[in-house]
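There are 2 protein chains.
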Amino acid sequence: MEIASYVHISSNIHQTLSELLASDSFTKVIVLVDENTKKYCYPLIQAVLPTNHGVIQVKSGEEEKHLQTCTQIWTEMTNMGLDRKALLLNLGGGVIGDMGGFCASTYKRGIRFAQIPTTLLSMVDASVGGKLGVDFMGYKNHIGVFQEPLAVLIDPVFLQTLPDRELRSGYAEVLKHSLIADPTHWNDIKSKNITEFDWLKIIKHSVGIKLYITTNDPTEKGLRKILNFGHTLGHAVESFYLEQPGKRLLHGEAIAVGMIVEGWLAQKLGYISTDDLAEIVDTFIRVYGKVNIPEEDLYAIINHTLQDKKNENSIVQFALLESIGKANYDQPISAELMKESLDYYRGL
Amino acid sequence: MEIASYVHISSNIHQTLSELLASDSFTKVIVLVDENTKKYCYPLIQAVLPTNHGVIQVKSGEEEKHLQTCTQIWTEMTNMGLDRKALLLNLGGGVIGDMGGFCASTYKRGIRFAQIPTTLLSMVDASVGGKLGVDFMGYKNHIGVFQEPLAVLIDPVFLQTLPDRELRSGYAEVLKHSLIADPTHWNDIKSKNITEFDWLKIIKHSVGIKLYITTNDPTEKGLRKILNFGHTLGHAVESFYLEQPGKRLLHGEAIAVGMIVEGWLAQKLGYISTDDLAEIVDTFIRVYGKVNIPEEDLYAIINHTLQDKKNENSIVQFALLESIGKANYDQPISAELMKESLDYYRGL
């Protein structure tokens, strides 16, 4: 199935990648990997790559998603003598896709790149929508650009290379897409166990929602903001604990917290019922458990939201649920109310 | 006169800047300066800036146009808490415009920026066309993006703040625009002294040529390549001597060399006559004198062209003159011929 001309979701990465490589005369093909995707994913595509392809390997992890790693990538691209008709294949999760896409989009003012996401999170979220960038001064994706990839090649085969915790993290975005845009799908999946799914079907549905939203509002002037549901406080929680190695959360684990507290805000503002909130809380606690957030961390977390890209003039704008399966955006929320929402979570 | 809706050329920067600032509700206005434009140019616009505007100051010079300076700019932008509706005014020459535009285009995936060029070079060249970026590993503008500014405000008043050598450097691009696109204008100006000009008129004419070309081919697929006349070997000469403080050339001085040697290539390939070449040589030597290029430097200079963004697969493509006032592009030139052209220059 093709849901957008450049997004190819199939169980045959050899075929979709071969077609991409034959679609134009690229002067050089380079694969960006980390030590994990080099070991587990690269062998799954190596057979169809041109024999003279190049490989650039960076260290894995969100904590490596910064300008110093970009400098390493740009340096290796330069040393390989890449010209403007080279193609970069980003083989990995969101970090590889966001950072590799940013490096490609800025090398000689832009060469083409394709995303080959290997995590559920990057398949349903990061690989689609054209948001690229790296973290800066502790702020997520603070330096970056909007640029669509030449192609996104999704194959659930890579999910078999993934630890369970990573699969669960990506599933948070699947749940989010249903919560903000498809009540029927939410009801279908909310009580299911993630071992039960046909991932090809789940991914197609979830990417379809993301594509519909981002195609209608590529640069986040309006509608696209609903994708930020769970992310304002979720990102703040993620960023805060990123600097504390023992407490580090995966992206999905952090936005699961965000969806509960922002669900509480939606109920507080009268958008959803207490029953709706209970359903949301039950679903996320069942899958993700509860994160311990000490009281002394709350102010740093709240303060973090003030630097979020979504805000203007120090007013923090949230995307909230209007009902189960429908979201709004530009909802101003005070620091006091944020504090209350986090206290609610702490009291669960 | 308005030659494109976002380019405003006038002798009244107070009015054009006031109109820009009133055109939208910017949450914050920041001015990027270096120590020279802070001292000589900033006082000329300060009166019309909002009282709470911010100033970011970087060190002047092409040798400061790199990612470390971007990091300084991004850090100050972050510390000022700039949101996505902030506006950056780049007050300076090409370095400030290219680097400030790149930083704005990548901060939170892009805020708006306006160019207020203060050098002749940046007025007629760098401020128009959307090419932004910084140098990397010794290669000019190696990391960057294509992005049009919200506005370009040009006022010749800033030229009074400029050393003669800088004015002469910018004039090389004026001569280039005529040589590649307007034989009548070339004949008008080729023998004149730069002290005689009505700059408002010269700038309008020159920017008009650049805009016509870049509007018709914004991402350099074809026509735009003619702007590279004089720049393939000119850039190589500029980059090579950039690392040798005593021999450093201004951009226009380097491309004046480039226009002579690439003029020789055009004559060698039979495009222009020996009389045409003599006319070009006389004009550039009269204005810029002759640069001493020792034989031992030639190979490093030629090697530099191989990393140029214009090339594919190690074949060096030149923009050459088809006749006086008309240029072509994608002319493959061998290293041997480049060496001969530089030897011709050395023998003048």
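Chains as they are written, first to last, in numbering that gives the first Met the number 0: chain A, 0 to 347; chain B, 0 to 347.
Ideal Cβ placement from N, Cα and C applies to all residues, glycine included.
Out of the options, point me to the one whose CA is closest to residue i's CA.
{"i": "I225(B)", "options": "I193(B), H176(B), I12(B), I301(B)", "result": "H176(B)"}
{"i": "L174(B)", "options": "A3(B), A265(B), G251(B)", "result": "G251(B)"}
{"i": "T214(B)", "options": "E147(B), S24(B), F157(B), S340(B)", "result": "E147(B)"}
{"i": "R223(B)", "options": "A180(B), K84(B), T160(B), L166(B)", "result": "A180(B)"}
{"i": "F25(A)", "options": "H303(A), K84(A), R167(A), I292(A)", "result": "K84(A)"}
{"i": "G346(A)", "options": "W263(A), D216(A), D275(A)", "result": "W263(A)"}
{"i": "T183(A)", "options": "T117(A), I12(A), G324(A)", "result": "G324(A)"}
{"i": "S121(B)", "options": "S272(B), M98(B), T68(B), G109(B)", "result": "M98(B)"}
{"i": "I44(A)", "options": "D23(A), N11(A), Q67(A)", "result": "N11(A)"}
{"i": "I332(A)", "options": "Y287(A), K267(A), F157(A)", "result": "K267(A)"}
{"i": "L348(B)", "options": "W198(B), R167(B), D23(B), L66(B)", "result": "With chain B covering only 0 through 347, there is no way to say anything about residue 348(B)."}
Can you tell me whether DSSP reads residue i as helix, strand or coil?
{"i": "E1(B)", "result": "Bear in mind that the predicted position of E1(B) carries a pLDDT of just 47, short of 50, making it unreliable; the figure below should be weighed with that in mind. In this structure, E1(B) counts as strand in the three-state DSSP scheme."}
{"i": "Q14(A)", "result": "helix"}
{"i": "E242(B)", "result": "coil"}
{"i": "L31(A)", "result": "strand"}
{"i": "F145(A)", "result": "strand"}
{"i": "N327(A)", "result": "coil"}
{"i": "V315(B)", "result": "strand"}
{"i": "K338(B)", "result": "helix"}
{"i": "Y138(A)", "result": "strand"}
{"i": "F157(A)", "result": "helix"}
{"i": "N227(A)", "result": "helix"}
{"i": "H7(B)", "result": "strand"}
{"i": "V236(A)", "result": "helix"}
{"i": "I292(B)", "result": "coil"}
{"i": "K130(A)", "result": "strand"}
{"i": "L90(A)", "result": "strand"}
{"i": "A85(B)", "result": "coil"}
What does a CB cutoff of less than 6 angstroms around residue i pick up in its chain, not counting 5 residues either side in sequence?
{"i": "E1(A)", "result": "Low confidence applies here, because E1(A) scores a pLDDT of 47, under 50, leaving its location unreliable; read the following figure in that light. Once the five neighbours on either side are set aside, E1(A) has no close Cβ partner at all."}
{"i": "I301(A)", "result": "A334, M337"}
{"i": "V280(B)", "result": "I259"}
{"i": "G53(A)", "result": "I29, M79"}
{"i": "Q114(B)", "result": "N89, G96, S126, P148, V151"}
{"i": "L86(B)", "result": "F25, V28, R111"}
{"i": "H13(B)", "result": "V47"}
{"i": "Y39(A)", "result": "T160"}
{"i": "Q330(B)", "result": "F317, L319"}
{"i": "T36(B)", "result": "L90, G91, T117"}
{"i": "Y328(A)", "result": "K224, I225, A318"}
Assuming residue i contacts residue j (C-beta within less than 8 angstroms), just tell me the rounded distance between them.
{"i": "M76(B)", "j": "Y41(B)", "result": "Not a contact, Cβ separation roughly 18 angstroms."}
{"i": "K130(A)", "j": "F112(A)", "result": "Not really, about 14 angstroms apart at Cβ, beyond 8 angstroms."}
{"i": "T282(B)", "j": "K200(B)", "result": "Contact doesn't hold; Cβ gap of about 20 angstroms is too wide."}
{"i": "E278(A)", "j": "F317(A)", "result": "Actually they are not in contact, since the Cβ atoms of E278(A) and F317(A) sit about 20 angstroms apart, beyond 8 angstroms."}
{"i": "I55(B)", "j": "L31(B)", "result": "5 angstroms"}
{"i": "V206(B)", "j": "V123(B)", "result": "6 angstroms"}
{"i": "L81(A)", "j": "I142(A)", "result": "With a Cβ gap of about 22 angstroms, L81(A) and I142(A) do not count as contacting."}
Would you mind reading off the limits of the alpha helix (DSSP H) that contains residue i?
{"i": "G99(B)", "result": "93 to 105"}
{"i": "S177(B)", "result": "163 to 180"}
{"i": "F283(A)", "result": "273 to 287"}
{"i": "I72(B)", "result": "66 to 78"}
Please list, in chain order, all residues of the same chain as residue i whose beta carbon is under 7 angstroms from its beta carbon, the five residues on each side excluded.
{"i": "L210(B)", "result": "I2, A3, V6, V127"}
{"i": "N78(B)", "result": "none"}
{"i": "V256(A)", "result": "G233, V236, V290, Y344"}
{"i": "A299(B)", "result": "F239"}
{"i": "T218(B)", "result": "F145"}
{"i": "M15(A)", "result": "The displayed chain sequence assigns Thr, not Met, to residue 15(A). Closer than 7 angstroms at the Cβ level, and outside the excluded window around T15(A), lie H7, S9, L152."}
{"i": "L297(A)", "result": "K338, L341"}
{"i": "K246(A)", "result": "Y240"}
{"i": "W73(B)", "result": "C102, Y106"}
Only counting the same chain, and skipping five residues up and downstream in sequence, which positions put a Cβ closer than 8 angstroms to that of residue i?
{"i": "V94(B)", "result": "D33, S59, G60, E61, E63, K64"}
{"i": "S17(B)", "result": "V47"}
Identify the contact partners of residue i in chain D, using a Cβ-Cβ distance below 9 angstroms as the criterion.
{"i": "V144(B)", "result": "Here the protein chains are A and B, and chain D is not one of them."}
May I ask which residues mark the beginning and end of the beta strand (DSSP E) holding residue i?
{"i": "P217(A)", "result": "Segment: none, P217(A) is in no beta strand (DSSP E) and carries neither H nor E."}
{"i": "A46(B)", "result": "First-last for A46(B): undefined, no H or E at that position."}
{"i": "L248(A)", "result": "From DSSP, L248(A) is part of no beta strand (DSSP E); its letter is neither H nor E."}
{"i": "I300(A)", "result": "Here I300(A) belongs to no beta strand (DSSP E); instead the alpha helix (DSSP H) covers 297 to 304."}
{"i": "E321(A)", "result": "320 to 322"}
{"i": "I55(A)", "result": "53 to 57"}
{"i": "A125(B)", "result": "Neither: A125(B) is in no beta strand (DSSP E) and is coded neither H nor E."}
{"i": "F112(B)", "result": "111 to 116"}
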